[in-house]
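Numbering-wise (the UniProt record's numbering), the sequence shown opens with residue 1 and increments by one. All C-beta atoms in this analysis are idealised placements derived from N, C-alpha and C, irrespective of residue type, glycine included. Working notes, beginning with the structure itself.
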Amino acid sequence: MLIASYLNKGRPKDGFKVYKWMLRPGSPCTIDKATYEIMVGGLCSSGLVLEGLMVLKNMLESKVPLLPGDGLRKKVIRSLLREARVKEAMAFQELLPCSIEFGGVEGLSKAVDLLDRLIGNWTD
Numbered sequence: 001m002l003i004a005s006y007l008n009k010g011r012p013k014d015g016f017k018v019y020k021w022m023l024r025p026g027s028p029c030t031i032d033k034a035t036y037e038i039m040v041g042g043l044c045s046s047g048l049v050l051e052g053l054m055v056l057k058n059m060l061e062s063k064v065p066l067l068p069g070d071g072l073r074k075k076v077i078r079s080l081l082r083e084a085r086v087k088e089a090m091a092f093q094e095l096l097p098c099s100i101e102f103g104g105v106e107g108l109s110k111a112v113d114l115l116d117r118l119i120g121n122w123t124d
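As structure tokens, then:
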């Protein structure tokens, strides 16, 4: 996969560009759970946490909400802690869905709201 190749070569911004290209209207590509997880994990590991959170938000808001696995959830939380965003990491620990039994639509809505606030208030 092209995105994974860019991320593995230390070019996360190029991987993010490909991801954005895949999101454009009329794109022949569909983004599956594996693509979302590769993007979120790769961006967070590369220090592009804000971009990783944006992709995670897209993942949760997709037509059929895709839920991150436990490993990805932990990676996001560790990335937030590296950015000294302890409150946000603790909130994600409680809200971010890691299984199908995470609180239904209300739990998903709370996680998306948390991402909206975090992305909106992000400063380097």
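In the structure shown, the three-state DSSP call for Cys-29 is coil.
As the crow flies, the alpha-carbon of Arg-11 is around 12 Å from that of Met-39. Within the same chain, Leu-114 come within 7 Å of Ala-91 by CB-CB distance, once the 5 residues on both sides are set aside. Rounded to the nearest whole angstrom, the CA to CA distance from Lys-74 to Leu-23 is 26 Å.
Residue Asp-70 holds the alpha-carbon nearest to the alpha-carbon of Gln-93 among Val-49, Asn-8, Asp-70 and Ser-109. Runs of the alpha helix (DSSP H) lying entirely within the stretch 8 to 77, each at least 4 residues long, are 12 to 23, 33 to 45 and 49 to 61 in chain order.
Counting other Cβ atoms within 10 Å of its Cβ, Pro-68 reaches 16 or more and is therefore classed as buried. Looking only at Asp-116, Ser-62 and Ser-109, the smallest Cα-Cα distance to Glu-88 is reached by Asp-116. Here DSSP, grouped into helix, strand and coil, assigns Met-90 to helix.
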